[in-house]
Each structure stands twice: as C-alpha cells, then as structure tokens.
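Peer 1:
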Amino acid sequence: MDQLPVAPVLLPAATAVLLLLIGDHGGSEHNLRRQTLSARVAIGSALLGLLIAIQLMLQAADGALMVYRMGEWPAPFGIVLVVDRLSAMMLLLTSLIAVPVLLYASGGWAGHGRHFYALFQFQLMGLNGAFVTGDLFNLFVFFEVLLIASYVLMLHGLGRERLRVGVHYVVLNLSASALFLIGLALLYALTGTLNMADLALRVPLVTGPDAIVLQVAALLLLVVFGFKAALAPLSVWLPATYAAASAPVAALFAIMTKVGVYAIWRVHGVIFGADAGASELLVQPLLLPLAVLTSAIGVLGVLAAQTLPRLVAWLTVASVGTILMAIGLFGAQAWSAALYYMAHSSLTVAGLFLLVELVAAQRGEVGGRIESASPVAQPALLGLMMLLAAASSVGLPPMPGFIGKLMLLQASIGHVHAGVVWTIVLLAGFLTLLGLARAGSTLFWHVRTDMPSGASGASAPLLTATAFLLATSVAMSVFAAPLQRYTAAAAEQLLDRRAYADAVLGEQGGLDARTARPYTGQSGGTR
Amino acid sequence: MMPSMEFLVATGIGGVTACGIWLMLRGRTFPVVLGLTVLGYAVNVFIFAMGRLWSNAPPIVGNGGAQIADPLPQALVLTAIVIGFATTGFIVELALRSHHESGTDQVDGAEPGRENAS
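So the sequences go chain by chain: A and B.
Counting in the numbering used here, the first sequence runs from 1 upward without gaps.
Counting in the numbering used here, the second sequence runs from 1001 upward without gaps.
1. Check asparagine 138 of chain A in the structure and name its three-state DSSP category.
2. Do valine 317 of chain A and alanine 245 of chain A have their CB atoms nearer than 7 angstroms?
3. Measure the beta-carbon distance from valine 312 of chain A to leucine 388 of chain A and round it to whole angstroms, keeping in mind my assumption that it falls under 8 angstroms.
4. Listed from N- to C-terminal order along the chain, which residues in the stretch 1085 to 1096 of chain B have their beta-carbon within a distance smaller than 8 angstroms of any beta-carbon of chain A?
5. Going along the chain, which residues of its own chain have a beta-carbon closer than 6 angstroms to the beta-carbon of valine 101 of chain A, five neighbours each way excluded?
6. May I have a chain-ordered list of the beta strand (DSSP E) segments no shorter than 3 residues that lie completely inside the stretch 29 to 115 of chain A?
7. State yes or no: is the C-beta of arginine 1099 of chain B within less than 7 angstroms of the C-beta of aspartate 1108 of chain B?
8. So, for alanine 489 of chain A: in the same chain, excluding its five sequence neighbours on each side, which residues have a beta-carbon less than 8 angstroms away from its beta-carbon?
9. Would you mind telling me which residues of chain A sit closer than 7 angstroms to glutamate 1101 of chain B, beta carbon to beta carbon, in chain order?
10. Starting from the beta carbon of proline 1073 of chain B, find every residue of chain A whose beta carbon is closer than 9 angstroms, and list them in chain order.
11. Check the Cβ-Cβ distances between glutamate 144 of chain A and every residue of chain B, and say whether any is below 7 angstroms.
12. For leucine 282 of chain A and methionine 451 of chain A, what's the separation of their Cα atoms in angstroms?
13. Using a Cβ distance threshold of 8 angstroms, determine whether the stretch 134 to 150 of chain A contacts the stretch 182 to 202 of chain A, with at least three qualifying pairs required.
14. Going straight from the alpha carbon of glutamine 362 of chain A to that of valine 356 of chain A, what length do you get?
15. Does alanine 1010 of chain B get closer than 7 angstroms to chain A when you measure Cβ to Cβ?
16. So, are the CB atoms of alanine 276 of chain A and proline 375 of chain A less than 7 angstroms apart?
17. Leucine 127 of chain A and valine 152 of chain A - do their beta-carbons sit closer together than 7 angstroms?
18. So with Cβ pairs under 7 angstroms, would you call leucine 1076 of chain B a contact of chain A?
19. Go ahead and label glutamate 161 of chain A buried or exposed: buried means 16 or more other beta carbons lie within 10 angstroms of its beta carbon, across all protein chains shown.
20. Could you tell me the alpha carbon to alpha carbon distance between leucine 20 of chain A and arginine 33 of chain A, rounded to whole angstroms?
21. Using the Cα positions of alanine 1010 of chain B and serine 295 of chain A, report the straight-line distance between them to the nearest angstrom.
22. Could you compute how far the alpha carbon of alanine 337 of chain A sits from the alpha carbon of arginine 1052 of chain B?
23. Alpha carbon to alpha carbon, how far is alanine 16 of chain A from leucine 103 of chain A?
24. Go ahead and pull the three-state DSSP assignment for asparagine 1056 of chain B.
25. Take the Cβ of leucine 11 of chain A as the centre, count every other Cβ of all protein chains shown within 10 Å, and call the residue buried at 16 or more, exposed below.
26. For alanine 98 of chain A, which of A/Asp2, A/Ala88, A/Gln121 has the nearest alpha-carbon?
27. Determine, using beta-carbon pairs with one atom in the stretch 434 to 450 of chain A and one in the stretch 217 to 233 of chain A, whether at least three such pairs fall under 8 angstroms.
28. Have a look at A/Leu147, A/Gly368, A/Leu315 and flag the residue whose alpha-carbon is nearest the alpha-carbon of valine 302 of chain A.
29. Applying a beta-carbon distance threshold of less than 8 angstroms, which residues of chain A neighbour leucine 1036 of chain B?
30. Going by C-alpha to C-alpha distance, which of A/Leu214, A/Gly166, A/His168 sits closest to alanine 189 of chain A?
31. Specify, as a first and last residue, the run of the alpha helix (DSSP H) that isoleucine 1083 of chain B falls within.
32. Does chain A have any CB closer than 7 angstroms to the CB of valine 1016 of chain B?
33. Is it the case that the Cβ atoms of alanine 217 of chain A and glycine 269 of chain A are separated by a distance below 7 angstroms?
34. Whole angstroms are fine: how far does the CA of threonine 1088 of chain B sit from the CA of leucine 1078 of chain B?
35. Nearest to serine 106 of chain A by CA position, among A/Pro397, A/Leu463, A/Leu352, is which residue?
36. Please report whether the beta-carbon of alanine 1117 of chain B lies at a distance below 7 angstroms from any beta-carbon of chain A.
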C-alpha cells in the first residue's frame, strides 16, 4: 500500500471529474435524478476518503514517515508527498468534516446553484493536497486549487451580499497569492530549493546579508499564511465572508482556515524554528503577540455579533488565536496542545455553522438575527446541541475545549509570557461564555408567541449531519488519552528534523546531503 | 556607462509592481482587476529573475561544463502564469456578475455618497 499517500489527492480529483460528467443543470425538476446520483457519488467518495484517512493515520501512529515520490524522481528534484502524524491527523479532520457537510448539503443547499458537489470535491483535493505535500511550490499550487474552488463555493446560492463579499474575498486572496509567489521566489533564490526537508537543511547555512533577505521571504510568507488563517490584523475579512457563505460552505471553510495555520506550523514552526541558524525562531517575537491579539479581537466580535453566523465566524477567529498562541510558544508540549485544540475547534465550529442555520430556519422572518422571536419547533434537541457546542467553545469541563485549553495553559508554565497567555485564554473563555449565553438565552428563552413561526422541524439528514459533527467533537473528550498520546508524538516528530530529512532525502544521504547550491550556473561549482 | 541588466530588470519589476498596487487600490472593479493582472506580470518576471539573469546560457544541464541557466524558475513561472490566467478569467466574470447584481462597479457594491439603494 505504498501508493496510499497520493490517494487523498487523486480520489477527490477523480470524483470531481466524474461529477462533472454526470452534470448539473441547477434546480430544475428533471434534474432531480442527477442531483440524487451526484449526492450518492459525492458522499460515497467522501466516505472512502474517510477510510483512507483512518488507514493513513493508523500507519502514521506507528511513527512511520510515508514518503511518496511523484514519478519516482528522487527528492529534492521531484515533488514528494509526505504523510507524518500531523498530516495524517489533518487529513482525517478534513474527511470527518467533509462527510457530514456533504450529507447536510444534500438536504437542500446543493440544489441552490450548479456543480456544488464537483466544486466541493475540488476543494477537498486542494485541502488534502496542501496537507500531504512536502514541497512549498506544490503547496502554492494546492492552495490555488482549494482557493479557486472556494471562490465559487463561497458564491454558491448567489445573492447581492454574497457577490459583494465575494469580490473582496477573491481580490484579497489573489493579492495574497502574489505575495506568496514573491516569498517563494526569494526562498528559492537564496537556498536553491523549495522542498521542505531540503529547506530545513539549507536555511541554517544562509548567513550574513543573505539571511536578512531570507527572513524577508519568511515574513512575507507569514503575511500570506496569516491572512488565510485569519491572524490579526489580517482577520477582518473572515467574519463577513463566512457569515455570507451558505451554511455547508462555511462549515467546510472551518477547515480551510486551518490550512493557513498548518502552513505557518510547517514553515515558521519547523523550517524557521529551532536550529535554523541566523534565522532561528524568526517569528517567535511576532506570533505570540499577534495570536493574543487575534484571540482578543475574536472574543470582542463574539460579544458584538448581531447575527448567529457572524457570532460563529468570530468564534472561528478566536479559536485560531488560541491555536496560534500554542504554536507561538514553540515547544513539543505546546504544539501537542495546538494540534488537539485545532481538531476540536474545527469540528465544533463546523457543527455550529450548520446548527445555527437549523435554528435560524425555525425562527421565521427573524432568521439568524439575535433578537427574540417565535420559539423554535425543536427547542430541546437544538438547545441541547447548542449547549454542547457552546460549552466546548468556551472550554467548560468535560468538553474537549476544556482539555485543549488546559493542555495549552500547562504548556505555557515557565514561559516568559505565561502570564499574558493565562490571562487572555481565561478571559477569552469567560467573554465567550457571556456572548454565547446571551445568544442562547435570547434564542431559546426570550421567545415571543405573537410572531409567525418558521419551519416546523429540520429534516433527518440535516439533523444527523449536525449531530454527527458535534458528536465527533464530544468523542474527542472520551478518547482524550489516546489522542493526547498521538498529538504529543506528532509534536515530537515535527521537532525531529533529522528523521524527516532522512526519510525524504534518503537517497541523497539524508541530513548529510549537500549539493552545490544556490545554483550559480557552473556545473559542479559553488559560490 | 551602460546600466547593468540586473538594474534594468529590477527597476522594471519595481515600476510594474507600483502600477499594479496603485490600480488595485482604486475603487472600481475594472482597475482592480487590471491591477491584479499587472501585479501578476511583475511577480512572474520576479520569479524568472530569481534564477539569476543569464545571457547566452541554455537551460539544459549536462552541457560539458558550459554555463547553463537555472531551468527550475522557468518551470515555476509557467505554473504561475497558468494559475494567474485562470484566476483573472474568474475575477472578470465575477466583477461582471457583481455589476449586474448591484448596478454599480464599485468594489463594495454601492456608489459613494449614496445609501445602499436596493
């Protein structure tokens, strides 16, 4: 099964092509059969993807670094796909979100525009590709794949507000892509490679004035990844965009934000991390303060939100702040907390995006606005799910959010800025509690019976999908011990640069690989 | 004295980038799209130049020790051009759609000085 690492990329790509062949003519009557068929194919493929991700994670859990060389070209000359513990967990997380979101979309949203399923698969291909690639230029390509799919998905269902926000979203992302390319070109000019393992070996060798240009390149990349991850002050685009997108798309975007976090981790955490010579721990003075700021802004947004989708979007920003805080602490223990918290918050936020739409649909004309209206038709069920998700976002025991935050607080003990981290994490938790309690009590208790009510009840697929996402999040508490062992091992693996280099560059002699670069034009000559 | 090739290319890229950024900061979608395109061109030449500038050197390795140009940035820039072309096509269509929907080509969907007339 040594072809397995490429499967998470090829499967959605093939499925997307198949779905395009099946075709989609929008919501017309005789399109119904095609829609049903498309939904089955898409969900079937996503389930298969879930199985592949589980298998990859089981293999990765043994500590194996699975390296797939495209066309058998030796690294660093060819493109490599690398699945380690972190990648495998991100793949599993993507699949765990994709399956219920597809189920939810098949309950109505998919018919509100054309080619929803095909675009969804392309987005999955981009996400999975970004998580498995071991090459920075390849990362750029997969970023573009997932972004182009996300542009269209964001506009799914159209409408004035989506188009208005969509223009901003696309223009901002295209500018970020330009910066990404400039950063990559500079990295290549100074090191002669874009392979992650090779870069990790060469960055420490760059010294003097060259090192300053190299750091400029790395900081440009921080701007790009920070933009995708919604790191303050580049986070202002996120709430408007996610709130305008349709519910299943916003739920899928919950994992898209994490691609930025993942890229920061790989590039600034590992390549420009400890032992990087002149560029050692380059972003440490920046990342922690910015993450703290992100968390603070996110929580203030939660307090100020007027509508439910915006509230959840701000929760996304706040959770990204917490994750990046943990990454910014630089250490195996903190990174373990970051991975655990990332998994929990992606699942919870995705579930919340779906849940708030169910709630909004049952409140008549008021919809997602946080003000009193007629009571929802299923108060016990929706209220309970809301309570679970809210408790987890806030970080109340025994929810996974509590465990994640506890891991983070424990990891920060002894750090210079431990006081700031403790204050912000605890304060953010408390303020999130206030914001969510306000929203919850308005939704479920401050009801008015004089207003026309909305939908009588949500259909089974919609409820199942939402409940599944929240249940997986809760399951993270039940299986906290094995998960913690896994995340701790994943963090250790990230810090072990020698093993990574040996696995990827094995044919070139691993850590001892030294070819004459940067490239100077003389065959065999060095500068 | 003749300015060096590096100086000319660097100044050129800088000038084009400045034009691109200026256009991107305009308030209407058409200049913004043009700005993104122009910025894309500047970035493409930048990637190309990052393989160092060579004259009379083929990008083929194994030339008997003769000088060769770095072929990799040329491959990278090809990918970047293709992606840039696709995204430009998309954003042109998106800008048109937005114009039809909102009746204005302002990037925030409303003429300045006028309330959101819906």
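For each residue, glycine too, the CB sits at the ideal point set by N, CA and C.
Since the model is a prediction, treat every value here as computed from it, not as a measurement.
Peer 2: Looking at the atomic coordinates:
1. helix
2. no
3. 14 angstroms between Cβ atoms; not a contact.
4. Ala1086, Thr1087, Phe1090, Ile1091, Leu1094, Ala1095
5. Pro248, Ala251, Leu252
6. 66 to 69, 80 to 83
7. It should be pointed out that residue 1099 of chain B corresponds to histidine in this sequence rather than to arginine. Going by C-beta atoms, histidine 1099 of chain B is not nearer than 7 angstroms to aspartate 1108 of chain B.
8. Ala61, Gly63, Arg85
9. Arg160, Leu163
10. Ala185, Tyr188, Ala189
11. yes
12. 57 angstroms
13. yes
14. 10 angstroms
15. no
16. no
17. no
18. yes
19. exposed
20. 15 angstroms
21. 40 angstroms
22. 43 angstroms
23. 17 angstroms
24. coil
25. buried
26. A/Gln121
27. no
28. A/Leu315
29. Val171, Leu174, Ser175, Ala178
30. A/Leu214
31. 1072 to 1102
32. no
33. no
34. 15 angstroms
35. A/Leu463
36. Residue placement at alanine 1117 of chain B is flagged as unreliable, the pLDDT there being 46, under the threshold of 50; a coordinate-derived value is accordingly withheld.
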